[in-house]
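Since the structure comes first, as C-alpha cells, the remarks are kept for the end.
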Ligand SMILES: [Zn+2]
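In the numbering used here, the protein residues as written are 3 to 61.
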C-alpha cells in the first residue's frame with residue numbers, strides 16, 4: 003500500500019496527493035496539477051501527512 007501525503011500549493015492553494023516515498027524526503031519538486039507550479043515540500047502552504055489524509059482521493 004502506497005503512503006501518500008497531501009500538499010497544498012503555495013500559489014493557488016490547491017491540495018493534492020503525493021507519493022510519500024518518492025517526494026517527501028527527496029529534492030524532487032512537487033507538481034501542482036492545478037496551476038502547474040513546481041515547488042519542494044518545504045515550500046508548500048501546508049502538508050498533511052496523516053495516514054487517512056489522502057485516502058478519499060485514492061481509494
Ligand atoms: Zn498550484
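The beta carbon of each residue, even a glycine, is placed where N, CA and C say it ideally should be.
- Message: Is it buried or exposed, residue 35, if we count other Cβ atoms within 10 angstroms and call 16 or more buried?
- Response: For the purposes of this step, residue 35 is taken as the residue at position 33 of the chain shown. Classification of residue 35: exposed, given that the 10 Å Cβ count is below 16.
- Closest by CA to residue 15, which one among 54, 39 and 51? Counting from 1 along the chain shown, the entry for residue 15 is found at position 13. The candidate whose alpha carbon is nearest that of residue 15 is 39.
- Item | Burial state of residue 12 (16 or more Cβ within 10 Å) | Sequence index remark: in the chain shown, residue 12 carries index 10 (1-based). Label assigned to residue 12: exposed.
- Item | Residues bridged to residue 9 [DSSP beta-bridge criterion] | One-based indexing of the chain shown puts residue 9 at position 7. Residue 9 pairs with 18 and 49.
- Work out the CA separation of residue 19 and residue 9 for me, nearest whole Å. Locating residue 9 in the chain shown gives position 7, where the first residue counts as 1. Locating residue 19 in the chain shown gives position 17, where the first residue counts as 1. Distance between the alpha carbons of residue 9 and residue 19: 6 Å.
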